[in-house]
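Peer 1:
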Amino acid sequence: MASNPPGVGPAKLTLDEMLSILATADITVDMYQTVRDYHNFALLMIDKSLVVAEEQYAALTAAVNPKATATARAHHLNEARIQAETLAKNLTQTELKGVGETIAKGLEEGLGPKQIAARLNDVSGLDSVSAKSVENFREKLVTQGMEPAEVEKRVAAYRKKKLRERKKRIARTEAANATAIARESEAVGRGAQFKVWNTSNDKLVSDECISNAIAGAIPISATFPGGVTRPTQHPNCRCNLSYFTSEKVAGKQGVKATAKGEKLAADKEQAKAA
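Numbering-wise, the sequence shown is residues 1 to 274 according to full-length UniProt numbering.
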């Protein structure tokens, strides 16, 4: 395993911090005592997230162009560290949300600790959306009157499918992040001063990405309306940036990006109203 990048791990999560995360996810106070029993479970999830983050950091730092300028290399390494920190945090948050919602649902159904623990095994490694999908799949099978052994068999297969999907999504997103970092480092190295957000210009573009495009040309170190300085804005984001040294050229491209973004926004609003 790669060594921890600066500022990443070993991560610690106090019980109070975990309760705060669950409270943010609108999990009721009634479940807090049970949460204490699964605090160590959550810590294991964080450790797993850090392993992924460390691997990502190692891959990003290995991708530094040896011929790049010192400024570009330093920028790339710093961005790799930030990306690893962000990945660890995001993986931890999404998995803990899935854990919290599973515990809460189990308590609502009157399940005991062992039964809840069994369900936690089902959602381990999944984000909250995928975890809900697994739980809904289980409920559907039970409602159909399927034998318990067959239910467990099918749920296990469905969970594996969701895990594969999440791993692919993470890999695809992190590959896009690595490309974005490399392009930004190259732009910094050649003295670029401005950037413009480019979308795929179709109905699948998110509202945040549209807002980023509408922002037009902004300084290279500035943050877009979506709260990021470069893609990806979200998992499976398909956007990219154009970098410019000339303010005049950047301005022209920014006007085009703004126009496309505003049209996309109008089209989405029209589709909602239809």
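Where is the CB? At the ideal position from N, CA and C, for every residue including glycine.
(1) Look up F137 in the DSSP assignment and say whether it is helix, strand or coil.
(2) State the DSSP-derived secondary structure class of L241, mapped to helix, strand or coil.
(3) Would you tell me roughly how many angstroms separate the C-alpha atoms of T223 and R238, rounded to the nearest one?
(4) Taking all protein chains shown into account, do 16 or more other C-beta atoms lie within 10 angstroms of the C-beta of E184, making it buried, or fewer, making it exposed?
(5) According to DSSP, K195 sits in a beta bridge with which residue or residues?
(6) Would a C-beta distance cut-off of 8 Å place N212 and Q233 closer than the cut-off?
(7) Contact defined as beta carbons within less than 8 Å: I believe A187 pairs with P231. What is the distance between those atoms, to the nearest angstrom?
(8) State the DSSP-derived secondary structure class of K268, mapped to helix, strand or coil.
(9) So for D207, helix, strand or coil by DSSP?
(10) Measure the C-alpha to C-alpha separation of A273 and A157 and round it to an integer number of angstroms.
(11) Classify T179 as helix, strand or coil using the three-state DSSP reduction.
(12) Going straight from the alpha carbon of A259 to that of I214, what length do you get?
(13) Alpha carbon to alpha carbon, how far is A131 from L141? Give it in angstroms, no decimals.
Peer 2: Looking at the coordinates:
(1) The answer is helix: DSSP assigns F137 an H, G or I state.
(2) In this structure, L241 counts as strand in the three-state DSSP scheme.
(3) Straight-line spacing of the CA atoms in T223 and R238 works out to 18 Å.
(4) Around the beta carbon of E184, 16 or more other beta carbons lie within 10 angstroms, which makes this residue buried.
(5) BP columns for K195 point to I218, Y243.
(6) Taking 8 Å as the Cβ cut-off, N212 and Q233 qualify as a contacting pair.
(7) At roughly 13 Å, the Cβ-Cβ gap does not stay under 8 Å, so A187 and P231 are not in contact.
(8) K268: helix per DSSP, three-state reduction.
(9) In the structure shown, D207 sits in a helix (DSSP, three-state: H, G or I).
(10) Rounded to whole angstroms, A273 and A157 show a C-alpha spacing of 40 Å.
(11) In the three-state DSSP reduction, T179 falls in the helix class (H, G or I).
(12) Straight-line measurement puts the Cα of I214 at about 7 Å from the Cα of A259.
(13) Cα to Cα, L141 sits roughly 16 Å from A131.
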